[in-house]
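Only one structure is covered here, and it is reproduced in the block below.
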Amino acid sequence: DQQVKQNSPSLSVQEGRISILNCDYTNSMFDYFLWYKKYPAEGPTFLISISSIKDKNEDGRFTVFLNKSAKHLSLHIVPSQPGDSAVYFCAASLGNQFYFGTGTSLTVIP
Amino acid sequence: NAGVTQTPKFQVLKTGQSMTLQCAQDMNHNSMYWYRQDPGMGLRLIYYSASEGTTDKGEVPNGYNVSRLNKREFSLRLESAAPSQTSVYFCATRPLAGGPYEQYFGPGTRLTVT
Chain Z
1391 DQQVKQNSPS LSVQEGRISI LNCDYTNSMF DYFLWYKKYP AEGPTFLISI SSIKDKNEDG
1451 RFTVFLNKSA KHLSLHIVPS QPGDSAVYFC AASLGNQFYF GTGTSLTVIP
Chain U
1036 NAGVTQTPKF QVLKTGQSMT LQCAQDMNHN SMYWYRQDPG MGLRLIYYSA SEGTTDKGEV
1096 PNGYNVSRLN KREFSLRLES AAPSQTSVYF CATRPLAGGP YEQYFGPGTR LTVT
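What follows is the structure in structure tokens.
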């Protein structure tokens, strides 16, 4: 059973607006949560992470929010740029192992 | 500084053939991982090696074997390929097992089994 879920396969946003990508998880023992970005024919690249003891982490245009009671995290991209168009994976770590969601394809429309 | 390299980039196998996917890293990371990515399934962990000399099963290890040859290299072997193993395979590394460390991924190997 999938422990990390991304229920929106795709999202389209106008350039300059906010993109919000969502992720849900089931295992309350996860210790870190991460977001990766993936372009076609390339490996995923790390974007931002958050410890399970925090509720927000910010890095430039990217902010990740963690709601432990709801077992939900989200990635906000403000402002969105055409170069942000990619597939975004959320992942959760438990010690040595990582569990990935199925990805959300973001399209930023110029 | 190449980071994480994977060979080959593409491979076509017939059912029953064997092959080894190679992964090498020059980042001096202790932990290495093998994932497969299938449409609609995200990345699923096949095997990982927390440090040189150790390997452990992930979510989907059946049909695969691994070897941590040294600190730099981690190979994935398919002894008898099956069409269900058609996938994109990614190798990843991490500075240390556990803790606030992200993974660094190679470019992937696209494998088709006919």
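As they're listed, the protein sequences go chains Z and U. Residues 1391 to 1500 in the working numbering are what the first sequence spells out, letter by letter. Residues 1036 to 1149 in the working numbering are what the second sequence spells out, letter by letter. Note that CB positions come from ideal geometry on N, CA and C, so glycine has one too.
(message) For a test of the three-state rule: what should DSSP assign to GLN1396 of chain Z, helix, strand or coil?
(response) On the first sequence, residue 1396 of chain Z is found 6 positions in, with the first residue counted as 1. Coil.
(message) Please list, in chain order, the chain Z residues whose beta carbon lies closer than 7 Å to that of GLU1087 of chain U.
(response) For the purposes of this step, residue 1087 of chain U is taken as residue 52 along the second sequence, with counting starting at 1. Per Cβ cutoff of 7 Å: no residues; GLU1087 of chain U is ~14 Å from chain Z at best.
(message) With a threshold of 8 Å between beta-carbons, can THR1453 of chain Z be considered close to chain U, or not?
(response) By one-based count along the first sequence, residue 1453 of chain Z stands at place 63. It does not; no Cβ of chain U falls within 8 Å.
(message) Give me the chain Z residues within the contact set of PHE1125 of chain U, using Cβ-Cβ distance strictly less than 7 Å, ordered along the chain.
(response) By one-based count along the second sequence, residue 1125 of chain U stands at place 90. Correct list: GLY1433.
(request) Select from U:TYR1082, U:SER1086, U:LEU1104 and U:GLN1060 the residue whose C-alpha is nearest the C-alpha of SER1066 of chain U. (result) Locating residue 1066 of chain U in the second sequence gives position 31, where the first residue counts as 1. Minimum Cα distance to SER1066 of chain U is reached at U:SER1086.
(message) When you compare the CB positions of GLY1143 of chain U and GLY1450 of chain Z, do they come within less than 8 Å of one another, or not?
(response) As a working note, residue 1143 of chain U is residue 108 in the second sequence. As a working note, residue 1450 of chain Z is residue 60 in the first sequence. Going by C-beta atoms, GLY1143 of chain U is not nearer than 8 Å to GLY1450 of chain Z.
(request) For the segment 1053 to 1067 of chain U and the segment 1423 to 1438 of chain Z, state whether three or more C-beta atom pairs, one from each stretch, are separated by less than 8 Å. (result) no
(request) Please confirm if TYR1422 of chain Z has its CB atom under 8 Å from at least one CB of chain U. (result) The residue you call residue 1422 of chain Z lines up with position 32 of the first sequence. The beta carbon of TYR1422 of chain Z falls within 8 Å of a beta carbon belonging to chain U, placing the residue at that interface.
(message) Taking 6 Å as the limit between beta carbons, can you name the residues of its chain near SER1400 of chain Z, skipping five residues before and five after?
(response) Looking up residue 1400 of chain Z in the first sequence gives position 10. Contacts found: SER1495.
(request) Please check if any C-beta of chain A sits within less than 8 Å of the C-beta of MET1076 of chain U. (result) Note that chain A does not occur in the displayed structure, where the protein chains are Z and U.
(request) Answer with yes or no whether the minimum CB distance from SER1439 of chain Z to chain U is below 8 Å. (result) As a first step, residue 1439 of chain Z must be located in the first sequence, where it is residue number 49. The beta-carbon of SER1439 of chain Z is placed less than 8 Å from the nearest beta-carbon of chain U.
(request) Select from the segment 1471 to 1493 of chain Z all residues with a C-beta closer than 7 Å to any C-beta belonging to chain U, and list them in chain order. (result) Those residues of the segment 1471 to 1493 of chain Z that come within reach of chain U (Cβ to Cβ, closer than 7 Å) are PHE1479, GLY1485, ASN1486, GLN1487, PHE1488, PHE1490, GLY1491, THR1492 and GLY1493.
(message) Looking at the strands, I want to know which residues DSSP matches up with SER1402 of chain Z.
(response) Residue numbering aside, residue 1402 of chain Z sits at position 12 when the first sequence is read from its first letter. Z:THR1497, per the DSSP bridge assignment.
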